[in-house]
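Okay, structure first, notes after.
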Amino acid sequence: MRILILIVSLWCASLSTAAHIVVPDSMLTIGHAYRTAKTDTSMAIVQAMRKRQLAPEWQLDIVEADYCYATLDYTKALKLYERAYADEESRKDPATELALLKQLVHTHDIMYNEVELMKCIHELRQKALKHKDEAYLAAADFVYGKRLHYHRQKEKGYSICIKAVEMMKNSNYTRKYNELCNNYADLLLMYQEDGRYDDALRMSLLQEEAILRIKGVDDGYKETMRFVYALRASLLAKAGRQQEADQAYAEWKKTAEHSGVADKSLLDYLILSKHYQEAHDIIHKYCLMLRNQKDNYSYRMITMLTTGVQVENSMGNYDEAANHCREIRSITDSLHIEKSAELMQNTWNLIQTEEDMATKTTILYVLGVLVLIGLTTGIMVVYYTHRIRHRNKFLIRVLNSLDAYRNMATEDIKKLEEEAEKEEMEEKMKEEQPELDENERLFVKLDGQITRERLFLNPNFGRDEMARLIGVDKNRIGHIMSRYSDAANASVYINTKRVEYGAKLLVKHPEYTIAAIAKECGMTNTVTFNRTFKDVYGMTPSEYRANSE
Numbered sequence: 122m123r124i125l126i127l128i129v130s131l132w133c134a135s136l137s138t139a140a141h142i143v144v145p146d147s148m149l150t151i152g153h154a155y156r157t158a159k160t161d162t163s164m165a166i167v168q169a170m171r172k173r174q175l176a177p178e179w180q181l182d183i184v185e186a187d188y189c190y191a192t193l194d195y196t197k198a199l200k201l202y203e204r205a206y207a208d209e210e211s212r213k214d215p216a217t218e219l220a221l222l223k224q225l226v227h228t229h230d231i232m233y234n235e236v237e238l239m240k241c242i243h244e245l246r247q248k249a250l251k252h253k254d255e256a257y258l259a260a261a262d263f264v265y266g267k268r269l270h271y272h273r274q275k276e277k278g279y280s281i282c283i284k285a286v287e288m289m290k291n292s293n294y295t296r297k298y299n300e301l302c303n304n305y306a307d308l309l310l311m312y313q314e315d316g317r318y319d320d321a322l323r324m325s326l327l328q329e330e331a332i333l334r335i336k337g338v339d340d341g342y343k344e345t346m347r348f349v350y351a352l353r354a355s356l357l358a359k360a361g362r363q364q365e366a367d368q369a370y371a372e373w374k375k376t377a378e379h380s381g382v383a384d385k386s387l388l389d390y391l392i393l394s395k396h397y398q399e400a401h402d403i404i405h406k407y408c409l410m411l412r413n414q415k416d417n418y419s420y421r422m423i424t425m426l427t428t429g430v431q432v433e434n435s436m437g438n439y440d441e442a443a444n445h446c447r448e449i450r451s452i453t454d455s456l457h458i459e460k461s462a463e464l465m466q467n468t469w470n471l472i473q474t475e476e477d478m479a480t481k482t483t484i485l486y487v488l489g490v491l492v493l494i495g496l497t498t499g500i501m502v503v504y505y506t507h508r509i510r511h512r513n514k515f516l517i518r519v520l521n522s523l524d525a526y527r528n529m530a531t532e533d534i535k536k537l538e539e540e541a542e543k544e545e546m547e548e549k550m551k552e553e554q555p556e557l558d559e560n561e562r563l564f565v566k567l568d569g570q571i572t573r574e575r576l577f578l579n580p581n582f583g584r585d586e587m588a589r590l591i592g593v594d595k596n597r598i599g600h601i602m603s604r605y606s607d608a609a610n611a612s613v614y615i616n617t618k619r620v621e622y623g624a625k626l627l628v629k630h631p632e633y634t635i636a637a638i639a640k641e642c643g644m645t646n647t648v649t650f651n652r653t654f655k656d657v658y659g660m661t662p663s664e665y666r667a668n669s670e
């Protein structure tokens with residue numbers, strides 16, 4: 122009960138303080154709001170500017186979101202960032218658009234919002250490539266590397282993160298050393314988790330070096346140094362270098378007191394050094410802050426309470442440890458229910474999409490039958506090719522709806538679908554063309570084998586190889602292709618197969634570059650891939666990928 126009263130009191134005090142601060146007109150600017158960051162004056166400036174409409178709402182949303190982010194109120198910060206990004210005016214300036222996307226990426230990363238995080242990373246990457254901005258490309262790649270490491274693709278994750286750090290170092294970004302400081306901290310924690318303490322210590326030294334670059338420029342210099350010493354003390358304690366850890370702890374105590382991430386990062390050192398009361402105070406203060414921010418049911422709270430269980434047990438406070446365990450179970454159940462509700466909603470949306478698409482497909486099928494009555498055999502083949510393309514577009518839309526669950530789909534199901542389509546094609550061709558001449562029979566055999574075994578993925582696969590497959594001379598192959606396929610010759614036929622395969626990769630792997638997909642399809646020349654793709658689909662690969670999102 123006392124804790125509840127304290128939380129309510131702090132919340133009311135924060136509201137009343139910001140509301141009663143009198144700000145002179147000369148300070149009612151965005152610049153002054155940032156210069157008074159992390160203080161009630163900053164919020165008072167924003168509130169006064171909103172009331173008097175001295176700046177666009179989206180600009181004030183960004184300032185307030187940055188304030189919430191700096192004070193660790195990530196839930197509120199995320200809502201404000203999303204509201205600002207939804208305003209079309211905020212996206213007219215590329216620099217503002219990229220900065221907003223970067224903050225959305227970092228906030229989703231902190232709050233473990235996996236699906237939204239991956240969407241924002243992809244969008245930030247695309248925008249950064251479009252505007253040729255290496256700093257924001259590096260920011261997107263670094264967080265992507267972190268997630269790969271989190272999902273146990275450790276070496277690939279390290280490789281991407283280190284390349285992103287080098288890209289950031291070589292950029293002209295004005296706050297690159299602040300970004301590098303955070304990057305080195307993340308790498309330190311990754312190396313520490315894997316027991317690579319020497320590499321982690323190297324990151325700590327690089328982090329300190331980056332901070333020295335911003336000394337005298339950034340007001341948060343001392344607070345950041347507190348973060349460095351906290352991380353280093355915990356790292357050295359885990360590495361068994363207790364004396365050096367104690368020295369880092371002594372440096373930490375010299376810095377200005379703060380109640381945020383810097384203190385939380387010291388918990389490993391305090392627990393290993395048996396400073397349980399100090400650890401208890403930090404955990405209590407951090408949990409109180411989360412409750413004050415109405416962030417009771419989150420992974421951050423679970424992490425704090427789990428550490429709290431260990432500390433309370435070490436102090437002999439078994440009842441308090443049991444209370445923490447019950448609260449952890451309650452939060453876990455709540456998160457599970459929330460996830461289940463989201464899953465049910467996504468499933469319902471998918472069912473509605475499939476029903477709509479089924480209706481459209483039926484209508485198109487009826488129209489197709491009416492058209493087929495008056496067409497020749499050659500036009501029937503053209504129509505069938507068009508129908509295959511239409512079905513591919515249908516699959517693209519369904520796959521987009523299933524984006525959050527695409528990892529649950531198995532290769533066996535895909536193979537069964539491909540075999541079913543192949544059998545359907547063969548059955549229909551048998552019904553429509555019961556008597557095939559020799560060349561037509563050879564083409565059907567050749568096309569089936571090339572499609573089934575994906576022979577077109579071999580860059581060296583050409584007319585000579587096709588001739589050997591069906592035992593005819595290469596001149597006859599040209600005649601067969603021009604007579605029984607949509608392609609003018611064997612080369613066009615093979616390249617068409619390649620770009621059709623590439624279209625699937627564009628949707629399945631949005632992180633692949635166009636050059637990588639072209640190479641994967643067996644086409645070493647990206648220009649040829651782009652030209653052939655446009656001939657087949659009427660648009661470039663980049664446009665196709667954008668339309669499928």
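Under the working numbering, the first residue of the sequence shown is numbered 122, with each subsequent residue one higher.
For every residue, glycine included, the Cβ atom is placed at its ideal position computed from N, Cα and C.
Could you tell me which whole alpha helix (DSSP H) segments of length 4 or greater appear in the segment 197-270? Annotation note: the segment 197-270 contains the following uninterrupted alpha helix (DSSP H) runs of length 4 or greater, listed N- to C-terminal: 215-231 and 235-252.
Output yes or no for whether 9 Å exceeds the beta carbon distance between K290 and L308. With respect to the 9 Å criterion, K290 and L308 are not classified as neighbours on the basis of their beta carbons.
Following the continuous alpha helix (DSSP H) through L563, name the residue where it begins and the one where it ends. Taken as a continuous stretch (DSSP letters only), the alpha helix (DSSP H) holding L563 covers E559 to E574.
Could you give the first and the last residue of the continuous alpha helix (DSSP H) run that contains Q274? Counted as a single uninterrupted DSSP element, the stretch harbouring Q274 is not any alpha helix (DSSP H), since DSSP gives it neither H nor E.
Which same chain residues, not among the five before or five after D558, have their C-beta less than 6 Å away from its C-beta? For D558, same chain residues with a beta-carbon under 6 Å away, outside a window of 5 residues either side, do not exist.
Just to check my reading of the structure: V167 and V184 have Cβ atoms closer than 8 Å, yes? What is that Cβ distance to the nearest angstrom? Yes, they are in contact, since the Cβ atoms of V167 and V184 sit about 6 Å apart, within 8 Å.
Let me check understanding here. Comparing Cα to Cα, which of L238, Y257, I281 and D214 lies closest to R246? Considering only L238, Y257, I281 and D214, the residue with the shortest C-alpha distance to R246 is Y257.
Verify whether the separation of the beta carbon atoms of F577 and R619 is less than 9 Å. In this structure, F577 lies near R619, with their beta-carbon atoms less than 9 Å apart.
For Q431 and A442, I'd like the C-alpha separation in whole angstroms. Using only the alpha carbons, I get a separation of about 8 Å.
Terminal residues of the continuous alpha helix (DSSP H) containing T617? For T617, the enclosing alpha helix (DSSP H) covers residues A611 to K629.
Extent of the continuous alpha helix (DSSP H) to which P580 belongs: Note, P580: premise wrong, no alpha helix (DSSP H); not H, not E.
For the alpha helix (DSSP H) that contains S163, what are its first and last residues? Note, S163: alpha helix (DSSP H), D161 to R173.
May I ask you to report which of helix, strand or coil DSSP gives D315? Coil.
For V492, does the count of other Cβ atoms within 10 angstroms reach 16, so buried, or fall short, so exposed? Counting Cβ neighbours within 10 Å, V492 comes out exposed, since fewer than 16 surround it.
Test item: CB-CB of H671 and Y279 under 9 Å: Past the edges of the chain, shown from 122 to 670, lies residue 671, and the structure says nothing about it.
Measuring only the C-alpha atoms, how far is M602 from E561? Counting only the Cα atoms, E561 lies some 10 Å from M602.
Could you spell out where the alpha helix (DSSP H) holding R686 opens and where it closes? A query on residue 686 cannot be resolved here, the shown segment of the chain reaching from 122 to 670 and no further.
Given a cut-off of 9 Å on the beta-carbon distance, is the pair K566 and I591 in contact? With respect to I591, K566 sits close: the two C-beta atoms are nearer than 9 Å.
Tell me which same chain residues have a C-beta within less than 6 Å of the C-beta of Y318, skipping the five on either side of it? Contacts found: A360.
Are the CB atoms of E641 and G623 within a distance shorter than 9 Å? Contact: yes.
Pairing CB atoms from the segment 191-199 with CB atoms from the segment 406-420, are three or more of them under 8 Å? The segment 191-199 is in contact with the segment 406-420.
Can you tell me whether Y100 is helix, strand or coil according to DSSP? Because the chain spans 122 through 670 in this model, residue 100 falls outside it and cannot be assessed.
In the structure shown, what three-state DSSP assignment does S663 receive? Assignment of S663 by DSSP, reduced to helix, strand and coil, places it in the helix class.
Distance CB(L627)-CB(I615) smaller than 9 Å: Not in contact: L627 and I615 (Cβ atoms no closer than 9 Å).
V286: buried (16+ other C-beta within 10 angstroms of its C-beta) or exposed? Flag for V286 reads buried.
Local conformation of A371 per DSSP, three classes: Three-state result, A371: helix.
How is S669 classed by DSSP in three states: helix, strand or coil? S669: helix per DSSP, three-state reduction.
With burial defined as no fewer than 16 other Cβ atoms inside 10 Å of the residue's Cβ, what is the status of I484: buried or exposed? Label assigned to I484: exposed.
For L387, does the three-state DSSP call read helix, strand or coil? The three-state secondary structure of L387, taken from DSSP, is coil.
Would you call F654 buried or exposed, if buried means 16 or more other Cβ atoms sit within 10 Å of its Cβ? The residue is buried, with at least 16 neighbouring Cβ atoms inside 10 Å.
Is H229 buried or exposed, if buried means 16 or more other CB atoms sit within 10 Å of its CB? Under this definition H229 is a buried residue.
Restricting to Cα atoms, I'd like to know which of C408, L411, H401 and K406 is closest to N434. When only C-alpha atoms are compared, the closest one is H401.
In or out: A306 buried (at least 16 other Cβ within 10 Å) or exposed? Around the C-beta of A306, 16 or more other C-beta atoms lie within 10 Å, and the residue is accordingly described as buried.
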